[in-house]
Amino acid sequence: MEFIQSLLNSENENVTGLGASIITHSCQTNMQQKALSDTGIIKKLICMLGGSVTQKEASLESLATILKGNPDVILKFMEPENGGALGTVNELTKDKNARTRLLACMCLIVIRNSSPSCLQDLRIKTKLILILLELLEDDQVGDEAPFALSSLIAEKEDLQVLAFEANVIDKLVNHLRKGPLLSRRLEGILIALANMCSRLERCRDRLLSLEAMKFVTDALSQDSGEVRAAACICLKNVSRSVKNLSAGLFMNENFVVPLVRLLFDDLTFVQVSALDAISNIVVDFLAHKKIFMQCGGVKQLVQLSKSMDSTIRVKAVCALRNLTFLVNDQCKEEILSELTQLTLGSLICDPETCVQEQSLSLVRNLVDGPLDSIQHVFAADALLLHAVGQQLQSASKAEVLIQGMYVFTNVASGNEVHKEAVMQELFPPLANDSESVMLKFLHSDDSRLRTAAVWALVNLTFPSSSGAFGRVMKLRNAGVVSQLKNMVNDPCLDVKLRARTALGQSMTSDDGST
Amino acid sequence: MPVRVVETSSALSHPSGGTSGNTLPSACTLLSVGQAFSGTQNVSSQQKDEAWRVNVRIQGCDLDHGYLCGTMEALNVPMADTPVVTFWEGEIVDTKNYTFFTGKWGATSDDDIKHWTKFPSFSPLLSQVEVDGGKSLDLSNYPYIFMRWKEQYFVNVGTDCGLTIAGFYYVCFSCSDGSINGFYYDPNSSPFQKLELKSTNEGRLGFSFSSYELQ
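Now the structure itself:
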């Protein structure tokens, strides 16, 4: 620390620049940021903002490093004794040197992202967007400007609105039209467009209306892995639009063929990005899922679901789950013949709970739809049904239990055989006197799990099913009916209404039997 | 989607009043993605009685933004060779994102009140809605969900199919049994065309739920 201080105190600007640069490259933790701030280094760096171009730039980079993600240090930086340091940085966004302007913007973005209350002025935010757009044109810093823009707007709907109003999408697309661009610039623009389209439908609409998706699909086949991944991320965010998914906009060979190819990519981060985009695109509501399957997508997703990398595994299963959503029976057969009951059973019991959750959701979709679909969990000696039952007995994560209960709810909406099979899983005949999982779920603090459990009971006690009376007797003996009585005023409206339905049906079954 | 009568101009775009401080409606599983409904839309006019069979499927739901969307399929439309499918987007009256006052699509607050009062479950809310559009109501535990559904485009036919999607539906959904009642509003169509839908279980002895997760 003393060494850095001595460097910063030097009369030689190369030496002070070196000191600032050491901070930029070595300060990594909040503790280090605080230690630097406590020794008064911030004041020295602020002084350097008035120095030569080299000093200004070294200081801006160094300040951004010290302030990043640390609201306490930012507060110190903003103290009046620092002589309106924020104003000085703000002034540097108008500097004649493009790199200085960019670094000043990045410093302000760090402050905004780490401590939003410090930079609330709408004009500053708009100004930052406009400066960064202008810097996009610059040969020296044009590659970095879109990344700075991304860090300004990422996950912030209010800033995305401002950027949209500043025509950011049109201007970014204009750059794409000027092409061909070098990889770094292309990657930055695609990431900025992805961030613009992460939340707002109007941004997605604008990008689509500019017919810019052809640039994105072209980028899916670029040599640079970073560009390929950026194109996938852009496509993922644009395809978050249910309106456009419903119009079948993405389920065509222009998107599907290059995306499926990327599932074989050598780079893991490209595969991960492609899986995310595919997960959205296969939701498709127009029954065109066959296109994806004909391109060999299912085969590769199944391969990736067996990956040693758990991130790849969970995303591959999620894509298969979305593909199975409202899909016709023929496609379900094809998915299952590729995946096999055995693999799906293993995925339900995967060591990673996220994989378990997605696998159970996949089974839930598999047994939805026409009644015959339920048979899928009874194949191979009811391997899948037993795997779900085992998970419900042993898992502890609510999300896993919820998906498992919905599998049973869907199966219990079938015929007598299906309903009885669910009863066997929930109330095994050889179980000891310990509390049933159904009772545990009805007592859960998580209203989503209580809802799923009560839906299963609604289906098990469904009045027009012939075995309802016998099941009600079993449920009564297991203490479930009396628990339902306690739930008719559940604080969750959904639970309350279903509990009343299940209880009403239980009473009807009783009456019908006498 | 009634028969086209007169071409109308595009929808106005000023938003309905949003407020803060109220809690959102709790999630209702019967109104979740994948759920299907079927029933009829009465499109009778002074000249003739007519009703179309209608199927609805929920495709997207974002309670935080008071957003719902899906498709509506009209089955026995006289002037169409095939069932006509439209994509609609819904505003959930949650008093945070949207109030009972539409503030667009050519509907005045009088039109709003006239339509909402057609739903018996709306009557306990009427006096407050007349004051502020319902901004101060807490509907988080109310067993009915009020919505506006606006058809956005024809999915499987062209705009020259003889039907119009210029208007929108005032909708009331019952969380208890999943039934849906609605009234179509379009100054150029027969008034108060009634939509009546029930949750369908597609041949099952019970209810089934599918799901997807966007990344």
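Chains R and F, in that order, are what the protein sequence lines are. In terms of the UniProt record's numbering, the first sequence has 499 at position 499, counting the first letter as 1, and numbering is strictly consecutive. In terms of the UniProt record's numbering, the second sequence has 131 at position 131, counting the first letter as 1, and numbering is strictly consecutive. Every residue gets a Cβ at the ideal spot worked out from N, C-alpha and C, and that includes glycine. Quick caveat, the model's predicted, so the values are computed rather than measured.
Distance, residue j Cα to residue i Cα
i: VAL257 of chain R; j: ARG184 of chain R; result: 25 angstroms
i: SER117 of chain R; j: ARG364 of chain R; result: 44 angstroms
i: MET308 of chain R; j: GLU151 of chain F; result: 46 angstroms
i: residue 526 of chain R; j: LYS94 of chain R; result: With chain R covering 1 to 514 only, the question about residue 526 of chain R has no answer from this structure.
i: CYS232 of chain R; j: ILE281 of chain R; result: 11 angstroms
i: VAL472 of chain R; j: LEU503 of chain R; result: 10 angstroms
i: LYS118 of chain F; j: GLY66 of chain F; result: 22 angstroms
i: VAL84 of chain F; j: SER174 of chain F; result: 26 angstroms
i: ILE402 of chain R; j: PRO428 of chain R; result: 20 angstroms
i: ARG177 of chain R; j: VAL216 of chain R; result: 12 angstroms
i: ALA166 of chain R; j: VAL77 of chain F; result: 45 angstroms
i: GLY103 of chain F; j: ASP132 of chain F; result: 13 angstroms
i: PRO146 of chain R; j: VAL400 of chain R; result: 39 angstroms
i: ASP49 of chain F; j: SER109 of chain F; result: 29 angstroms
Any C-beta of chain F under 7 angstroms from that of residue i
i: LEU457 of chain R; result: no
i: SER279 of chain R; result: yes
i: VAL495 of chain R; result: no
i: ASP368 of chain R; result: yes
i: ARG240 of chain R; result: yes
i: SER444 of chain R; result: no
i: VAL283 of chain R; result: yes
i: THR451 of chain R; result: yes
i: PHE292 of chain R; result: no
i: PHE250 of chain R; result: no
i: LYS236 of chain R; result: yes
i: PHE325 of chain R; result: yes
With 16 other Cβ atoms within 10 Å as the buried cut-off, status of residue i
i: GLY21 of chain F; result: With a pLDDT of 39 at GLY21 of chain F, under the threshold of 50, the predicted position of this residue should be treated as unreliable, though the coordinate-derived value follows. Classification of GLY21 of chain F: exposed, given that the 10 Å Cβ count is below 16.
i: THR451 of chain R; result: buried
i: ALA287 of chain R; result: exposed
i: TYR406 of chain R; result: buried
i: MET251 of chain R; result: buried
i: ASN279 of chain R; result: Note that residue 279 of chain R corresponds to Ser in the displayed sequence, not to Asn. So SER279 of chain R counts as buried.
i: TYR153 of chain F; result: exposed
i: GLU435 of chain R; result: exposed
i: VAL495 of chain R; result: buried
i: GLU130 of chain F; result: exposed
Residue-chain proximity (residue i, chain R), Cβ-Cβ < 7 angstroms
i: PHE209 of chain F; result: yes
i: ASN181 of chain F; result: no
i: THR29 of chain F; result: yes
i: LEU197 of chain F; result: no
i: GLN59 of chain F; result: yes
i: CYS69 of chain F; result: yes
i: PHE168 of chain F; result: no
i: ASN76 of chain F; result: no
i: LEU126 of chain F; result: no
i: MET1 of chain F; result: no
i: LEU137 of chain F; result: no
i: GLY106 of chain F; result: no
i: LEU163 of chain F; result: no
i: GLN35 of chain F; result: no
Check whether residue i and residue j have beta carbons under 7 angstroms apart
i: LEU384 of chain R; j: VAL377 of chain R; result: yes
i: ILE169 of chain R; j: LEU207 of chain R; result: yes
i: SER246 of chain R; j: PHE292 of chain R; result: no
i: ARG500 of chain R; j: VAL488 of chain R; result: yes
i: MET1 of chain R; j: THR39 of chain R; result: yes
i: ASN367 of chain R; j: ASN328 of chain R; result: According to the sequence displayed, residue 367 of chain R carries Val and not Asn. No, Cβ-Cβ distance for VAL367 of chain R and ASN328 of chain R is not below 7 angstroms.
i: GLY70 of chain F; j: VAL93 of chain F; result: no
i: TYR185 of chain F; j: ALA107 of chain F; result: yes
i: ILE42 of chain R; j: ILE22 of chain R; result: no
i: ASN14 of chain R; j: ILE46 of chain R; result: no
i: VAL141 of chain R; j: ALA98 of chain R; result: yes
i: SER59 of chain R; j: LEU49 of chain R; result: yes
i: VAL272 of chain R; j: ARG228 of chain R; result: no
i: LYS289 of chain R; j: CYS234 of chain R; result: no
i: ILE165 of chain F; j: THR86 of chain F; result: yes
i: LYS236 of chain R; j: ALA277 of chain R; result: yes
i: THR95 of chain F; j: LYS135 of chain F; result: yes
For residue j and residue i, believed in contact at Cβ under 8 angstroms, the rounded distance
i: SER305 of chain R; j: LEU320 of chain R; result: 7 angstroms
i: PHE183 of chain F; j: LYS194 of chain F; result: 6 angstroms
i: ILE111 of chain R; j: ILE74 of chain R; result: 6 angstroms
i: SER199 of chain F; j: GLN35 of chain F; result: 7 angstroms
Proximity test, residue i beta-carbon vs the ligand MG heavy atom, cut-off 6 angstroms
i: ALA219 of chain R; result: Absence of the ligand MG is noted for the structure shown, with no ligands found whatsoever.
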